[in-house]
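Here the sequence shown is numbered in this note's numbering, starting from 12 and rising by one per residue. Note that CB positions come from ideal geometry on N, CA and C, so glycine has one too.
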Amino acid sequence: FILPLLALALATCATHGPERGPVIVMLAAINDFHGNLELPAGGLPEINAVTRELTRTPSGGVARMATVLEGLRAQHKHFAFVSAGDLVGASPLASGYFDDEPAIDAMNNLGLDLNGVGNHEFDRGVAELRRLQSGGCPREGCKSGQPFAGAKFQFLAANVTVRDTGKTLFAPYALREFGGVRVAFIGVTLRSTPAILSPKAVAGLDFHDEADTVNKLVPELQQAGVEAIVVLIHQGGFQRGGPNDCIEFRGPIIDLVKRFDRAVDVVVSGHTHQAYVCRIEGRLLTSAGSFGRALTAIELKLDRATRDVVSAHAVNHVVRSDLPENPLLAALAVRQAQLLKRLDRPVGRVTQSISNVQNGDGESPLGQLIADAQLEATRDVGAEVAFMNPGGIRVPVDYTGDGTVTYSALYAVQPFGNHLVTMTLSGKEVLQLLEQQWSINGLRRLQISKGSGFAWNPDLPEGSHIIRNSVVINGEPLQLDRDYRITVNNYLADGGDNLPILRLGRNRVAGVLNLDALVAYFERQSPVSPIAVRRARRTNTFDK
Numbered sequence: 012f013i014l015p016l017l018a019l020a021l022a023t024c025a026t027h028g029p030e031r032g033p034v035i036v037m038l039a040a041i042n043d044f045h046g047n048l049e050l051p052a053g054g055l056p057e058i059n060a061v062t063r064e065l066t067r068t069p070s071g072g073v074a075r076m077a078t079v080l081e082g083l084r085a086q087h088k089h090f091a092f093v094s095a096g097d098l099v100g101a102s103p104l105a106s107g108y109f110d111d112e113p114a115i116d117a118m119n120n121l122g123l124d125l126n127g128v129g130n131h132e133f134d135r136g137v138a139e140l141r142r143l144q145s146g147g148c149p150r151e152g153c154k155s156g157q158p159f160a161g162a163k164f165q166f167l168a169a170n171v172t173v174r175d176t177g178k179t180l181f182a183p184y185a186l187r188e189f190g191g192v193r194v195a196f197i198g199v200t201l202r203s204t205p206a207i208l209s210p211k212a213v214a215g216l217d218f219h220d221e222a223d224t225v226n227k228l229v230p231e232l233q234q235a236g237v238e239a240i241v242v243l244i245h246q247g248g249f250q251r252g253g254p255n256d257c258i259e260f261r262g263p264i265i266d267l268v269k270r271f272d273r274a275v276d277v278v279v280s281g282h283t284h285q286a287y288v289c290r291i292e293g294r295l296l297t298s299a300g301s302f303g304r305a306l307t308a309i310e311l312k313l314d315r316a317t318r319d320v321v322s323a324h325a326v327n328h329v330v331r332s333d334l335p336e337n338p339l340l341a342a343l344a345v346r347q348a349q350l351l352k353r354l355d356r357p358v359g360r361v362t363q364s365i366s367n368v369q370n371g372d373g374e375s376p377l378g379q380l381i382a383d384a385q386l387e388a389t390r391d392v393g394a395e396v397a398f399m400n401p402g403g404i405r406v407p408v409d410y411t412g413d414g415t416v417t418y419s420a421l422y423a424v425q426p427f428g429n430h431l432v433t434m435t436l437s438g439k440e441v442l443q444l445l446e447q448q449w450s451i452n453g454l455r456r457l458q459i460s461k462g463s464g465f466a467w468n469p470d471l472p473e474g475s476h477i478i479r480n481s482v483v484i485n486g487e488p489l490q491l492d493r494d495y496r497i498t499v500n501n502y503l504a505d506g507g508d509n510l511p512i513l514r515l516g517r518n519r520v521a522g523v524l525n526l527d528a529l530v531a532y533f534e535r536q537s538p539v540s541p542i543a544v545r546r547a548r549r550t551n552t553f554d555k
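Given below as structure tokens:
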């Protein structure tokens with residue numbers, strides 16, 4: 012009788028007694044979700060390890076992401092689900108039309124714990140961002156017809172302060188305890204957010220250096236007895252490998268990680284929409300790509316005595332389209348699709364998929380097409396040339412079925428709700444506009460409409476990348492002393508993408524939504540094919 016009781020007591024102690032050894036914590040991480048409730052267009056880019064051939068794997072959808080999360084949660088006693096920003100903004104119709112409330116609801120159901128705020132969370136302004144956190148409907152009401160309770164998870168933004176008070180817009184960090192060891196999660200927003208958004212969206216806010224902000228918080232955390240530190244930062248890098256590679260890694264995140272206090276153990280990054288698992292001077296750096304197509308599983312081993320991270324390892328799990336779907340999240344996606352039936356309709360056809368990936372000249376077939384659509388939509392107010400920012404082209408137009416293109420497919424391409432603005436610039440100012448492309452990101456070229464073009468040389472000094480005698484506007488060489496009517500979206504017109512010259516545009520005329528211009532183009536021009544004409548030309552030999 013005594014022996015069975017003793018065995019039961021020992022088993023009880025083993026199950027419920029104090030844990031021994033290191034604490035194993037599983038962090039699931041995403042970034043740049045952008046309200047993609049369903050399978051996004053394009054697929055996750057993957058490189059074959061043997062042939063080095065690029066393929067795109069259909070992946071994503073919150074119902075399948077839930078399945079991956081369920082598996083990770085079931086295997087780990089200590090678990091947290093975090094995001095490195097851009098959960099919302101630039102979202103497909105199913106979330107964007109409803110002010111991204113569905114994306115927040117989906118993350119609530121997935122059990123997200125923390126979100127380090129990204130630049131796109133500010134797309135609709137500070138008041139709207141605060142509403143997404145705390146709940147309530149916009150002034151015109153919630154489009155779903157249902158009350159909105161807000162995010163159950165916490166927004167973090169350590170380096171964003173309100174100018175009038177000097178206080179952070181959201182909490183700078185959050186603490187979570189695992190097996191008696193506390194871990195700090197610091198949320199950091201892209202410092203250059205004001206340069207890539209409309210000034211109205213970030214009015215009254217200051218964005219501070221990411222590394223300086225993190226480093227100032229480290230002594231405060233250590234004084235409170237916290238040694239394990241994870242940074243959720245909306246900034247990233249680029250590489251040419253698969254989702255678990257780190258091949259020829261480059262980008263602004265490298266310098267930031269090197270500048271972080273050595274007390275920082277893990278960096279979860281985003282913004283560049285590339286998936287990678289890297290080590291920067293021994294520290295783990297991860298990104299899950301974008302649109303929920305992959306999810307990063309980060310295993311932390313915490314020492315109970317030092318309360319610090321002993322080791323950190325990560326793997327990106329592709330959320331493949333053949334995974335089973337979680338019924339609750341699948342029902343949410345279906346509900347949104349049903350609500351959208353009254354909005355969606357066929358608008359035209361394509362003969363093949365039209366890519367938004369830029370080539371060596373800095374052009375994409377879809378970028379050219381959009382610029383053409385915007386020029387056509389504003390000819391009646393004198394437009395001679397149109398420019399489109401590549402960051403505003405979110406996904407390709409895929410060829411599916413018989414090539415039919417729907418309104419929702421084009422909404423996913425241009426989900427920002429920007430309207431067109433036609434303005435007057437001098438030829439000298441047009442040349443300045445083309446030069447200012449390098450001030451924000453040398454990898455992204457403005458897309459230009461038909462009949463116009465330019466050549467550029469990356470080896471020339473800043474301020475003289477454009478080959479002056481190569482610039483053509485509406486079929487004629489650029490004349491510096493002549494006025495031109497140009498069309499851009501209102502984001503660019505306000506100086507977005509760090510193009511301040513556009514704020515000087517005169518005789519402005521507001522036009523239709525950029526999405527409406529694209530829809531009208533498809534309705535008139537279908538079936539639509541990719542454009543093969545070079546308009547931008549990269550050259551290292553062109554005579555200046």
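Does residue i come out as helix, strand or coil in the three-state DSSP assignment?
i      : result
Phe133 : helix
Val192 : strand
Val93  : strand
Arg331 : strand
Pro149 : coil
Gln363 : coil
Arg84  : helix
Ile477 : strand
Leu529 : helix
Val368 : coil
Thr504 : It should be noted that the sequence gives Ala, not Thr, for residue 504. The answer is helix: DSSP assigns Ala504 an H, G or I state.
Pro488 : strand
Ala74  : helix
Thr204 : helix
Applying the 10 Å Cβ sphere with the 16-neighbour rule, what's the burial state of residue i?
i      : result
Ala52  : buried
Gly519 : This sequence places Arg at residue 519; Gly is not what is there. Exposed, since its Cβ has fewer than 16 Cβ neighbours within 10 Å.
Arg496 : buried
Gln86  : exposed
Pro254 : buried
Ser70  : buried
Asp554 : The predicted position of Asp554 is uncertain, since its pLDDT is 41 and thus under 50; a value taken from the coordinates is nonetheless stated next. Flag for Asp554 reads exposed.
Asn370 : exposed
Leu17  : The predicted model places Leu17 with a pLDDT of 41, which falls under 50 and marks its position as unreliable, so this point remains unresolved.
Thr317 : exposed
Ala25  : The predicted model places Ala25 with a pLDDT of 43, which falls under 50 and marks its position as unreliable; any figure quoted below should be read in that light. By the neighbour-count rule (16 or more Cβ atoms within 10 Å), Ala25 is not buried but exposed.
Leu339 : exposed
Val171 : buried
Asp110 : buried
Glu188 : exposed
Would you give the residue range spanned by the beta strand (DSSP E) that residue i belongs to?
i      : result
Pro357 : Pro357 to Arg360
Gly522 : Arg517 to Leu524
Phe312 : Residue 312 is actually Lys in this sequence, not Phe. Here the beta strand (DSSP E) through Lys312 covers Ala305 to Leu313.
Leu354 : Neither: Leu354 is in no beta strand (DSSP E) and is coded neither H nor E.
Arg290 : Ala286 to Ile291
Hey, quick one: how far does the alpha helix (DSSP H) through residue i stretch, first residue to last?
i      : result
Gln234 : Glu221 to Gln234
Arg346 : Pro338 to Leu351
Glu112 : Glu112 to Leu121
Gln447 : Gly438 to Gln447
Gly127 : Gly127 -> not in any alpha helix (DSSP H); beta strand (DSSP E) instead, spanning Leu125 to Gly127.
Ser419 : Tyr418 to Val424
Arg67  : No alpha helix (DSSP H) holds Arg67; the beta strand (DSSP E) holding it covers Leu65 to Thr68.
Ser106 : Leu104 to Gly107
Asp383 : Pro376 to Ala388
Arg270 : Ile264 to Arg270
Can residue i be considered in contact with the ligand ZN, in the sense that its beta carbon sits closer than 6 Å to one or more heavy atoms?
i      : result
Val539 : Among the components of this structure there are no ligands whatsoever, and the ligand ZN is therefore not found.
Measure how close the beta-carbons of residue i and residue j come, nearest whole angstrom, since I'm counting them as under 8 Å.
i      : j      : result
Gln363 : Tyr410 : 5 Å
Gly378 : Tyr502 : Actually they do not touch by this definition, with Cβ atoms about 15 Å apart.
Ala40  : Ala95  : 7 Å
Leu431 : Asn525 : 6 Å
Pro557 : Pro488 : The structure shown has nothing for residue 557, since the chain only spans 12 to 555.
Glu81  : Asn337 : 7 Å
Glu478 : Asn468 : Reading off the sequence shown, one finds Ile at residue 478, where the question assumed Glu. Yes, they are in contact, since the Cβ atoms of Ile478 and Asn468 sit about 6 Å apart, within 8 Å.
Leu354 : Tyr108 : 7 Å
Ala323 : Ile309 : 6 Å
Ala169 : Thr204 : Contact flag wrong, Cβ pair sits at about 13 Å.
Val279 : Val237 : Not quite, the Cβ-Cβ distance comes to about 17 Å (not below 8 Å), so this is no contact.
Could you check whether the segment 247-267 touches the segment 208-216, counting it as contact only if at least three pairs of C-beta atoms, one from each stretch, sit closer than 8 Å?
no
Looking at C-beta atoms only, is the number of pairs between the segment 325-333 and the segment 374-390 that lie closer than 8 Å three or more?
no
Touch check for the segment 365-384 and the segment 107-121: three-plus C-beta pairs under 8 Å?
no
With a cut-off of 8 Å, do at least 3 Cβ pairs link the segment 149-165 to the segment 261-281?
no
Would you check if the segment 157-166 and the segment 136-145 touch, i.e. whether three or more CB-CB distances between them fall below 8 Å?
yes
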